[in-house]
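2 protein chains.
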Amino acid sequence: MNGAESLVATLLGAGVNVCFANPGTSEMHFVAALDRHPEMRCILCLFEGGATGAADGYFRMKGDVAATLLHLGPGLANGTANLHNARKAGSGVVNIVGDHATYHLKHESPLKGDLAGVAAVAAHWSRAGVDAAGVAADGAAAVRAARAGNGRIATLMLPADTAWGEAAGPADPGQVPDLQRPSDAAVAAAARQLRVPGAALVLGGSALYGADAERAGRIAAAAGCDLLADYLVPRMRRGAGAVAIRHLKYIVEENVAALADVSSMVLCGARRPVSFFAYPGKPSLPEAPGSAVFDLCDPEMDVGWTLKALEAALDAGSAEPARRGLALPDVPEGALTPQSVAAAVALVLPEEAIVVEESITNAAPLLVATETARGHDLLSVTGGAIGFGLPSAVGAAVACPERRVLALTGDGSAMYTVQSLWTMARERLNVTVLVYANRGYRILHRELVNVGVTDVRRNAQRMFDMEDPELDWVAMAKGHGVGAVRVEDAAGLVAALRDGFARQGPFLIEVPV
Amino acid sequence: MNGAESLVATLLGAGVNVCFANPGTSEMHFVAALDRHPEMRCILCLFEGGATGAADGYFRMKGDVAATLLHLGPGLANGTANLHNARKAGSGVVNIVGDHATYHLKHESPLKGDLAGVAAVAAHWSRAGVDAAGVAADGAAAVRAARAGNGRIATLMLPADTAWGEAAGPADPGQVPDLQRPSDAAVAAAARQLRVPGAALVLGGSALYGADAERAGRIAAAAGCDLLADYLVPRMRRGAGAVAIRHLKYIVEENVAALADVSSMVLCGARRPVSFFAYPGKPSLPEAPGSAVFDLCDPEMDVGWTLKALEAALDAGSAEPARRGLALPDVPEGALTPQSVAAAVALVLPEEAIVVEESITNAAPLLVATETARGHDLLSVTGGAIGFGLPSAVGAAVACPERRVLALTGDGSAMYTVQSLWTMARERLNVTVLVYANRGYRILHRELVNVGVTDVRRNAQRMFDMEDPELDWVAMAKGHGVGAVRVEDAAGLVAALRDGFARQGPFLIEVPV
Chain A
3 MNGAESLVAT
13 LLGAGVNVCF
23 ANPGTSEMHF
33 VAALDRHPEM
43 RCILCLFEGG
53 ATGAADGYFR
63 MKGDVAATLL
73 HLGPGLANGT
83 ANLHNARKAG
93 SGVVNIVGDH
103 ATYHLKHESP
113 LKGDLAGVAA
123 VAAHWSRAGV
133 DAAGVAADGA
143 AAVRAARAGN
153 GRIATLMLPA
163 DTAWGEAAGP
173 ADPGQVPDLQ
183 RPSDAAVAAA
193 ARQLRVPGAA
203 LVLGGSALYG
213 ADAERAGRIA
223 AAAGCDLLAD
233 YLVPRMRRGA
243 GAVAIRHLKY
253 IVEENVAALA
263 DVSSMVLCGA
273 RRPVSFFAYP
283 GKPSLPEAPG
293 SAVFDLCDPE
303 MDVGWTLKAL
313 EAALDAGSAE
323 PARRGLALPD
333 VPEGALTPQS
343 VAAAVALVLP
353 EEAIVVEESI
363 TNAAPLLVAT
373 ETARGHDLLS
383 VTGGAIGFGL
393 PSAVGAAVAC
403 PERRVLALTG
413 DGSAMYTVQS
423 LWTMARERLN
433 VTVLVYANRG
443 YRILHRELVN
453 VGVTDVRRNA
463 QRMFDMEDPE
473 LDWVAMAKGH
483 GVGAVRVEDA
493 AGLVAALRDG
503 FARQGPFLIE
513 VPV
Chain B
3 MNGAESLVAT
13 LLGAGVNVCF
23 ANPGTSEMHF
33 VAALDRHPEM
43 RCILCLFEGG
53 ATGAADGYFR
63 MKGDVAATLL
73 HLGPGLANGT
83 ANLHNARKAG
93 SGVVNIVGDH
103 ATYHLKHESP
113 LKGDLAGVAA
123 VAAHWSRAGV
133 DAAGVAADGA
143 AAVRAARAGN
153 GRIATLMLPA
163 DTAWGEAAGP
173 ADPGQVPDLQ
183 RPSDAAVAAA
193 ARQLRVPGAA
203 LVLGGSALYG
213 ADAERAGRIA
223 AAAGCDLLAD
233 YLVPRMRRGA
243 GAVAIRHLKY
253 IVEENVAALA
263 DVSSMVLCGA
273 RRPVSFFAYP
283 GKPSLPEAPG
293 SAVFDLCDPE
303 MDVGWTLKAL
313 EAALDAGSAE
323 PARRGLALPD
333 VPEGALTPQS
343 VAAAVALVLP
353 EEAIVVEESI
363 TNAAPLLVAT
373 ETARGHDLLS
383 VTGGAIGFGL
393 PSAVGAAVAC
403 PERRVLALTG
413 DGSAMYTVQS
423 LWTMARERLN
433 VTVLVYANRG
443 YRILHRELVN
453 VGVTDVRRNA
463 QRMFDMEDPE
473 LDWVAMAKGH
483 GVGAVRVEDA
493 AGLVAALRDG
503 FARQGPFLIE
513 VPV
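Just so you know, the protein sequences line up as chains A and B, in that order.
Position one of the first sequence corresponds to residue 3 (this note's numbering), numbered consecutively onward.
Position one of the second sequence corresponds to residue 3 (this note's numbering), numbered consecutively onward.
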């Protein structure tokens with residue numbers, strides 16, 4: 003057995019059986035080993051950001067790690083923006099990155115570069131294999147690292163000779179490392195605080211869906227406190243039946259207003275809310291001046307245990323959470339506007355859909371309209387690095403083949419990782435892609451006005467507009483092997499969404515708005 | 003004047019008047035400043051690798067630096083693969099990367115990340131601005147750094163508040179720093195060595211084109227030595243009239259054979275030839291065992307001065323270089339094969355074309371056939387990071403609007419930075435793109451056989467093939483606003499190439515081969 007074979011056996015033994023791959027020559031022995039193990043599902047991505055973003059979406063919905071397979075420093079660099087998003091989401095990912103053979107690394111070959119430097123940018127854990135005999139243990143350590151702290155980025159660099167050299171058998175990653183818990187005193191103090199008027203429990207991680215969100219709902223009902231989520235969420239249960247959680251926005255001023263009456267925040271699975279960007283004269287922190295922050299349980303700690311402890315301290319076990327009701331909009335008609343698009347989506351969104359949200363300028367009305375749509379999960383671009391939408395939709399669809407995925411994306415953001423369309427077609431994934439074709443980086447137009455420029459001339463216009471020529475999304479989809487339609491009005495969009503959700507495999511809808 | 007304005011004025015004053023841009027919110031004040039200076043040509047790229055690759059192609063043909071404008075750590079990470087290629091080419095690039103305001107950086111906002119860590123991967127020089135008053139000097143230092151050593155990567159991180167705060171005027175980068183020169187004794191020793199039978203002068207950088215290549219040709223004629231270039235060249239003059247330089251290959255065994263009779267190598271503007279990858283039982287260095295290497299002048303030193311000194315030492319001023327003749331192939335007919343495609347290109351390649359070469363599996367016959375085509379410049383993917391072809395074609399076309407650019411690319415490699423097609427259309431660039439549509443990573447198939455796998459099963463096949471579905475390059479081009487045709491035979495390719503070269507603006511030819 004060579005090192006590559008021992009690594010593949012280690013991954014499979016550890017329950018890692020999906021690999022989002024963009025391999026090259028230095029990974030050839032690893033590919034050969036994968037070829038002997040059809041129980042590993044290898045999914046080709048035509049750009050590395052597609053692979054890392056898919057692993058992020060997969061983790062968010064599956065709750066466990068996938069592997070990526072990437073090629074040297076440039077390949078990992080291409081995957082780094084979506085690893086940044088995954089890191090901010092608290093997603094676990096195991097990156098296997100091929101490198102030159104150890105003895106070749108001293109030479110200035112074309113692809114020689116600072117692979118370890120690239121790895122350090124996004125990874126919590128990284129290691130370069132030193133010999134074939136150690137590769138199985140390295141792989142086991144990577145899996146263990148990726149599962150620690152509720153999900154981390156682990157990057158194993160695999161020199162080619164550690165893959166082709168002789169090894170023993172696979173290694174066992176063992177149990178997931180214990181999560182840190184707050185002290186009993188901290189829990190008791192937080193429980194007392196939540197009963198004080200003006201208190202909010204700020205939720206993140208697993209507290210935004212499933213049993214933990216239910217528990218948070220009971221806690222809020224018993225304590226009489228507010229429930230809050232920051233704007234960008236890794237995964238959040240929304241729509242009919244979901245525990246009611248107030249969701250912060252992108253705009254600084256709106257968050258300042260939303261938090262004006264919140265005098266204390268207890269953080270559970272969440273970090274302190276922060277403005278997306280700084281602007282002259284606007285606050286970095288949207289919280290009310292003088293409000294108190296209790297950092298009870300950060301996103302890497304034991305969120306489930308903490309909520310159980312709070313529930314017990316507040317005797318909240320039989321409280322009934324406040325929930326969202328079902329309230330579908332009327333069938334939208336007429337022109338395509340951000341509002342009519344939002345209504346169309348809210349109206350036809352299927353039960354248990356997974357909504358990947360990267361609609362940028364168009365997000366605000368969409369998030370309002372879907373709050374009372376059928377029950378669904380929302381995934382957002384947690385690290386703000388656009389190019390997350392299409393890849394993470396791939397990963398979510400692989401994780402949950404029985405559910406429908408709706409990827410909402412701006413045309414600007416979709417272009418960063420447009421290659422993921424092909425992977426959707428290749429893998430017959432049930433993803434409906436809605437492209438807001440507003441022909442530009444509209445968000446930047448708005449920001450330019452924010453900095454006081456009202457007389458936009460040629461340079462700014464040409465850096466923010468994607469006109470002349472316009473992107474043709476129906477042709478773009480066809481190029482990648484995906485069926486598509488361009489809709490002209492709200493009724494057309496409703497029909498196209500219904501068509502997309504009824505299909506086997508992906509479908510793209512171009513929405514000029 | 004704010005910091006952004008002082009930086010734009012600094013760049014323009016230093017002669018940097020092209021900016022390949024993919025901006026975001028944190029660069030808004032810089033965009034506003036660019037908007038007040040139409041003399042800066044701002045070229046929008048829809049992916050950051052398109053911007054950095056364009057700056058590389060621009061430098062190779064223009065001999066001076068362009069700026070890029072990128073958005074925080076993820077944006078720079080997306081541009082890093084092509085900065086790796088640029089670094090290996092010895093291209094100078096000035097990256098301006100927006101960052102959060104200095105006081106916002108302490109918070110865990112979504113886009114907060116290790117920007118300095120990303121910058122360190124590819125840059126020779128990097129600096130984070132600390133206040134608006136210093137930004138002009140920072141920009142001047144970046145330009146000076148990018149012009150040093152024949153061309154380097156300089157990355158200036160621009161916190162948003164250093165752009166919007168009050169500054170004084172622009173700063174002057176001053177003279178390009180002096181290049182290091184070899185000692186007189188080293189030149190004399192090299193000149194003696196070149197007269198010894200079996201000696202080769204290995205050329206790189208400016209020695210591969212223009213006056214320096216002519217000088218190298220005279221030196222070889224006077225000394226009776228061989229002239230060599232490594233496989234991947236930043237820019238090389240080829241075709242009729244070009245000084246005859248033996249060009250190494252991708253395949254290790256071919257280079258071992260080519261160097262079997264070379265007993266000593268004098269390096270001038272070049273590094274010691276190294277195999278692209280290591281393989282079990284094959285050498286990392288293709289040179290003959292026991293051959294001597296004289297590291298006379300590395301790529302960052304004064305190549306032009308060194309060649310003049312060698313020419314004088316060898317009294318070579320009136321020698322006549324050996325040159326390539328013009329020998330065009332017959333008009334190819336019949337099926338599309340790597341050979342008939344190469345013949346078609348060699349036949350119709352216009353005088354003074356710029357050939358961007360990323361044809362991977364199909365490169366070998368192409369490079370043979372074009373050796374005696376009309377005179378042209380060849381740019382290759384110096385760092386081995388694919389996704390170089392289309393972006394660098396953009397930059398080369400911007401640098402040389404009077405010349406025709408032919409971008410030769412595999413379908414696999416074109417997908418990494420396919421967004422550059424749109425920039426070609428937007429800027430009306432005279433680029434003809436030839437996509438070898440072999441429906442897969444054919445080079446990896448070959449490599450898998452090299453590692454002993456002959457029975458390819460499902461996982462390997464699905465990681466190397468881009469079938470099911472096939473990419474439709476005519477639709478893909480249409481999606482980006484570029485006209486395209488799919489050809490079916492060699493005669494069709496000849497006609498399509500002639501059509502492409504006669505057009506104003508870009509054209510794409512899909513070549514199933």
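Note that CB positions come from ideal geometry on N, CA and C, so glycine has one too.
As the structure is a computational prediction, the values presented were derived from the model and not from experiment.
Next item on the list: Could you give the DSSP three-state label for S8(A): helix, strand or coil?
Entry: Looking at S8(A) - three-state DSSP - the assignment turns out to be helix.
Check: Which first and last residues belong to the beta strand (DSSP E) in which I445(B) is found?
Finding: Here I445(B) belongs to no beta strand (DSSP E); instead the alpha helix (DSSP H) covers 444 to 452.
Notebook entry, point to check: Are the CB atoms of P301(B) and G226(B) nearer to each other than 8 Å?
Noted result: Contact: no.
Next item on the list: Go through the region 56 to 109 of chain B residue by residue and report every complete run of the alpha helix (DSSP H) that reaches 4 residues or more, in order.
Entry: Annotation: the region 56 to 109 of chain B contains the following complete segments of the alpha helix (DSSP H) (minimum length 4 residues), in chain order: 74 to 80, 82 to 91.
Margin query: Could you give the first and the last residue of the continuous beta strand (DSSP E) run that contains T517(A)?
Written below: Lying before the first or after the last residue shown, residue 517(A) is absent from chain A, which here runs from 3 to 515.
Checklist line | Paired residues, beta bridge with W127(A) - DSSP | finding: According to DSSP, W127(A) bridges with A156(A).
Margin query: Within 8 Å, do at least three Cβ pairs link the region 434 to 450 of chain A to the region 77 to 84 of chain A?
Written below: In short, these stretches do not touch, since the Cβ pair count stays below three.
Notebook entry, point to check: Sorted by chain position, which residues of the same chain lie with C-beta nearer than 7 Å to P2(B)'s C-beta, five sequence neighbours on each side aside?
Noted result: Coverage of chain B is limited to positions 3 through 515, which leaves residue 2(B) absent and any answer about it impossible.
Notebook entry, point to check: Roughly how many angstroms separate the alpha carbons of M468(B) and L298(A), rounded to a whole number?
Noted result: C-alpha of M468(B) to C-alpha of L298(A): approximately 49 Å in a straight line.
Notebook entry, point to check: When DSSP builds the beta bridges, which residues end up paired with D379(A)?
Noted result: For D379(A), which the question treats as bridged, DSSP gives the partners R239(A), I356(A).
Check: Between which two residues does the beta strand (DSSP E) carrying V487(A) extend?
Finding: Its beta strand (DSSP E) spans residues 485 to 488.
Checklist line | Contacting positions in the region 262 to 293 of chain B - beta carbon closer than 9 Å to chain A | finding: Sequence-ordered contacts of the region 262 to 293 of chain B with chain A read R273, R274, V276, S277, F278, F279, A280, Y281, P282, S286, L287 [C-beta pairs closer than 9 Å].
Check: Out of curiosity, what's the CA-to-CA distance linking E429(A) and G397(A)?
Finding: Answer to the nearest angstrom: the Cα atoms are 11 Å apart.
Note to self: Based on DSSP bridge pairs, tell me the residues matched to D297(B).
What the structure shows: Answer is L269(B).
Margin query: Helix, strand or coil, according to DSSP, for I511(A) in the structure here?
Written below: Annotated three-state conformation of I511(A) is strand, per DSSP.
Check: Between the C-alpha atoms of L287(A) and L36(B), what's the straight-line distance to the nearest angstrom?
Finding: Distance between the alpha carbons of L287(A) and L36(B): 30 Å.
Check: Is T374(A) helix, strand or coil by DSSP?
Finding: T374(A): helix per DSSP, three-state reduction.
Item checked: Where W166(B) meets chain A, residues with beta-carbon distance less than 8 Å -> The contacting residues are P282, V453.
Next item on the list: Give, in chain order, every residue of the region 221 to 244 of chain B whose Cβ lies closer than 7 Å to some Cβ of chain A.
Entry: For the region 221 to 244 of chain B, the set of positions with a beta-carbon nearer than 7 Å to some beta-carbon of chain A reads L234 in chain order.
Notebook entry, point to check: In terms of residue numbering, what span does the alpha helix (DSSP H) encompassing T308(B) cover?
Noted result: Taken as a continuous stretch (DSSP letters only), the alpha helix (DSSP H) holding T308(B) covers 305 to 315.
Notebook entry, point to check: With a CB to CB cut of under 7 Å and the five nearest residues on each side skipped, what residues in its chain are close to D263(A)?
Noted result: G200.
Checklist line | Rounded straight-line distance, which links the Cα of I253(B) to that of I511(A) | finding: Here the alpha carbons of I253(B) and I511(A) stand approximately 45 Å from one another.
Item checked: Residues that DSSP places opposite R43(A) in a beta bridge -> V20(A), per the DSSP bridge assignment.
Item checked: Residues near L46(B) in its chain [Cβ-Cβ closer than 8 Å; skip 5 each side] -> These residues qualify, in order along the chain: A23, N24, T425, R428.
Checklist line | Three-state class that DSSP yields for L48(A) in the structure shown | finding: Residue state, collapsed to three classes: coil.
Checklist line | Through-space distance from S265(B) to G319(B), alpha-carbon basis | finding: Going from the Cα of G319(B) to the Cα of S265(B) covers about 26 Å.
Note to self: Under 8 Å, Cβ to Cβ, is there at least one residue of chain B near K480(A)?
What the structure shows: Judged by the 8 Å Cβ criterion, K480(A) is in contact with chain B.
Checklist line | Touch test, the region 172 to 189 of chain B against the region 136 to 152 of chain B, Cβ-Cβ under 8 Å, three pairs minimum | finding: Yes, they touch.
Margin query: Count Cβ pairs between the region 462 to 477 of chain A and the region 471 to 485 of chain B that sit closer than 8 Å; are there 3 or more?
Written below: In short, these stretches touch, since the Cβ pair count reaches three.
Next item on the list: Flag H109(B) as yes if its beta-carbon sits less than 8 Å from any beta-carbon of chain A, otherwise no.
Entry: Yes, its Cβ sits closer than 8 Å to a Cβ of chain A.
Item checked: Sufficient close CB pairs (3 or more, under 8 Å) joining the region 233 to 244 of chain B to the region 159 to 179 of chain B -> Segments in contact, no.
Item checked: Per DSSP, the bridge partner or partners of L205(B) -> Partner(s): A231(B), C270(B).
Next item on the list: Go ahead and label T172(B) buried or exposed: buried means 16 or more other beta carbons lie within 10 angstroms of its beta carbon, across all protein chains shown.
Entry: Note on residue identity: the sequence assigns Pro, not Thr, to residue 172(B). Around the beta carbon of P172(B), 16 or more other beta carbons sit within 10 angstroms, so the residue counts as buried.
Item checked: C-beta neighbour in chain B for C299(A), strict 8 Å -> So no, C299(A) is outside the interface.
Checklist line | Per-residue DSSP class, three states only, for R326(B) | finding: Reduced to three states, the DSSP call for R326(B) is coil.
Notebook entry, point to check: What does L408(B) pair with, by DSSP beta-bridge criteria?
Noted result: Note: L408(B) is bridge-paired with V357(B), T434(B) in the DSSP secondary-structure output.
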